[in-house]
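Last residue of the sequence shown: number 491 in my numbering, and the count goes up by one each step with no gaps. A virtual CB, placed ideally from N, CA and C, is assigned to each residue, including glycine. First the structure, in the form of structure tokens, and then the observations on it.
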Amino acid sequence: MIKVSSVKRLDRTDVLAVFVEEPATKDAKPLFKWDVLSGDACRRLGAALEKEGFRGRVGQTFVWNGGESHAERVVVTGVGKAASRDVDLTIRAAGAAAKKAKEIGATKLTATLPPAGKLGDERNAQAVTEGLILGAYEFNAYRQPKPQKSYEVAEIVGAPERAVKLGEIFARATLYARDLINTPAGDCAPRHLAEAAKKLAGANVKVTVWGQKEIEKKGMGGLIGIGKGSDEPYHFIMLKWEGKKGSKKVAVCGKGITFDSGGLCIKPADGMGTMKCDMSGAAAVLAMFSALPELKPDCTVYGYIPAAENMTGGSAVKTGDVLRTASGRTIEVNNTDAEGRVVLADAMTVAREDKPDELIDLATLTGACVVALGDQVAGMFANDDNLAAGLDAAAKRAGERLWRMPIVAEYRDLLKSDIADIKNSGGRWGGAIQGALFLQEWAGDQPWAHLDIAGPAWTDKGLSFCPPGGTGFGVRTLLEYVTAQGK
Ligand code: BES
Ligand code: ZN
Ligand code: MN
């Protein structure tokens with residue numbers, strides 16, 4: 005991860021990143037004026053940008069080698085219109101600047117801040133810090149020889165120190181999740197998630213890992229049923245951040261399917277290619293815990309990860325099999341590829357035993373949610389408007405996109421089983437809603453929200469702030485959410 009620091013004024017650098025706002029109206033000209041550049045440099049760069057037709061759209065970049073005395077090269081990046089500026093767009097813009105600087109082989113990157121506008125100075129600087137780090141990320145663990153590193157440090161002129169520190173914490177946690185997601189399933193089985201969790205244990209973080217014996221004793225037939233078709237043993241991982249005495253208790257479950265072959269209802273090759281990402285919910289939970297000791301939220305935070313590989317081994321669950329969950333309720337598995345909800349059912353039951361005030365789950369649950377919202381927006385389902393509003397606000401502050409979806413009670417009929425209490429799949433229509441309806445059964449009267457992150461957990465083509473692969477979606481929203489509790 006690149007190191008970001010705040011500097012008071014601009015010293016000589018290799019690449020200088022400056023930002024441009026898009027004019028509010030179609031006919032107006034963008035303002036090409038920067039305090040860090042001399043009047044002459046502003047004029048010449050402005051002329052070059054004008055010639056290029058540079059408008060300042062979010063993430064639009066322009067590289068200038070015009071001989072500014074402070075910098076070898078200048079990367080100009082658009083941040084969009086002032087009226088639409090938010091954390092998300094600022095991260096996208098800063099990410100584009102970092103990516104461009106990497107592309108042109110920058111040895112040192114110095115950035116100035118875009119106008120803070122309604123973000124305020126602190127959040128603006130934090131978002132730029134996050135964008136610079138996220139945009140510079142690469143996953144090179146499996147490449148040889150290691151690609152030559154571009155810059156390893158970035159400076160931001162005039163950024164509040166605290167904002168840079170916070171930005172680093174948020175970005176580091178996000179990259180922690182990306183690394184876990186990008187690690188191939190062969191090297192990231194349930195036992196590896198358990199190992200990763202154990203490394204997070206510390207003064208205020210307690211970690212407990214259950215193996216087959218404890219899971220059987222608890223009667224978690226859902227997790228067992230899904231996990232038993234693999235040679236890799238399943239695990240159940242629990243984490244706890246001890247907040248202030250008597251503070252709110254927030255529980256977060258993360259789907260930890262380390263590879264989803266679909267089971268006997270096997271996926272076609274096309275759909276299976278990226279299924280190492282099916283533990284992205286678990287990665288978000290672990291990543292959140294990696295940052296809690298630095299952020300020290302007041303509330304108590306619980307994490308629960310049902311970790312299993314969905315495979316087709318000789319003891320794999322068969323369609324029509326009925327699994328008895330820890331809650332006592334039975335599930336007819338009519339589709340072995342709807343495995344996430346089955347393992348989460350058990351996780352939610354164990355979570356509820358700790359009597360949390362709120363229960364949140366993150367899961368790459370349904371392809372249907374990706375059809376509905378695409379790959380940059382997560383679906384949010386909740387049985388509690390307060391919790392939904394809190395998460396919505398946290399996502400906005402974090403710069404991640406959530407959209408609340410309806411839980412349509414009438415569709416519950418689709419999940420009626422002829423033989424068990426519920427079946428795990430009710431056909432194609434409203435697939436994301438069906439997933440939520442299924443999970444809701446295990447939430448009961450508990451305030452609960454479900455984030456279907458199947459779309460944004462992964463990017464095929466890459467984004468300005470993320471190369472192709474795992475994105476670490478959800479980490480920053482969770483961190484925003486828990487740090488805002490009790491405030
Ligand atoms: N892990 C998948 C969902 C998924 C799809 C995640 C695309 C990321 C990208 C999940 O376990 C799954 O297979 N869901 C099925 C459910 C169906 C069988 C009811 C789906 O979406 O097709
Ligand atoms: Zn899955
Ligand atoms: Mn599946």
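Local conformation of residue i per DSSP, three classes
i	result
Tyr238	coil
Cys269	coil
Trp1	Summary: the structure shown does not reach residue 1, with the chain confined to residues 5 through 491, and so no result is reported for it.
Ser9	strand
Leu482	helix
Phe36	coil
Met292	helix
Cys303	coil
Glu220	helix
Trp433	coil
Ile335	strand
Phe143	coil
Lys150	coil
Thr368	coil
Val374	helix
Glu26	strand
Buried/exposed call for residue i, threshold 16 Cβ in 10 Å
i	result
Pro118	buried
Gln489	buried
Val560	No statement about residue 560 is possible, as the shown extent of the chain runs from 5 to 491 and does not include it.
Lys112	buried
Lys122	exposed
Thr212	exposed
Lys37	exposed
Trp407	exposed
Ile423	exposed
Tyr146	exposed
Pro188	exposed
Lys106	buried
Lys104	buried
Ala273	exposed
Ala413	exposed
Arg13	exposed
Proximity below 8 angstroms, CB of residue i to CB of residue j
i	j	result
Lys85	Ala28	yes
Asn339	Cys269	yes
Ile241	Ile309	yes
Ser234	Glu313	yes
Trp446	Thr370	no
Gly285	Ala367	yes
Ala102	Gly139	yes
His74	Thr116	no
Ala453	Ala399	no
Glu404	Gly478	yes
Ala436	Met409	yes
Ser10	Val168	yes
Pro471	Tyr141	yes
Val346	Thr334	no
Met279	Ile185	no
Leu20	Thr133	no
Ala330	Asp358	no
Pro297	Gly206	yes
Leu179	Gly466	no
Pro151	Thr262	no
Within-8 angstroms CB hit, residue i to chain D
i	result
Ala382	Among the chains of the structure shown, chain D does not appear; only one protein chain is present.
Contacting residues, own chain, Cβ-Cβ under 6 angstroms from residue i (five flanking each side not counted)
i	result
Glu156	Ile6
Leu256	Sequence check: residue 256 is Val here, not Leu. Result list for Val256: Val289, Gly307, Ile364, in chain order.
Lys493	What the structure shows of the chain is the stretch from 5 to 491, and residue 493 is not part of that stretch, so it cannot be assessed.
Gly57	none
Neighbourhood of residue i by C-beta distance below 7 angstroms, restricted to the same chain and skipping five residues each side
i	result
Leu419	Ile426, Lys427, Gly430, Gln438, Leu441, Phe442
Phe469	Ile95, Arg96, Gly99, Gly135, Leu138, Gly139
Ala458	Thr368, Leu369, Thr370, Gly371, Cys373, Val374
Cβ neighbours of residue i in the same chain (closer than 8 angstroms, five flanking residues each side left out)
i	result
Gly267	Ile230, Gly233, Asn314, Met315, Thr316, Ala320, Val321, Thr340, Asp341, Glu343
Met292	Ala177, Val256, Val305, Gly307, Val479, Leu482, Leu483, Val486
Pro164	Ser10, Asp125, Glu126, Ala129
Arg59	Glu26, Pro27, Pro34, Gly82
Cα-Cα separation between residue i and residue j, rounded to whole angstroms
i	j	result
Pro301	Val78	39 angstroms
Gly225	Trp462	29 angstroms
Asp464	Val62	20 angstroms
Thr304	Arg48	55 angstroms
Phe66	Lys271	43 angstroms
Cys373	Met384	10 angstroms
Asp44	Ser154	30 angstroms
Glu236	Leu170	38 angstroms
Val337	Ser251	39 angstroms
Glu54	Lys203	53 angstroms
Phe4	Val254	Past the edges of the chain, shown from 5 to 491, lies residue 4, and the structure says nothing about it.
Residue i Cβ short of 7 angstroms to ligand 5 heavy atom set
i	result
Val374	Annotation note on ligand 5: not contained in the displayed structure, which lists ligand 1, ligand 2 and ligand 3 as its ligands.
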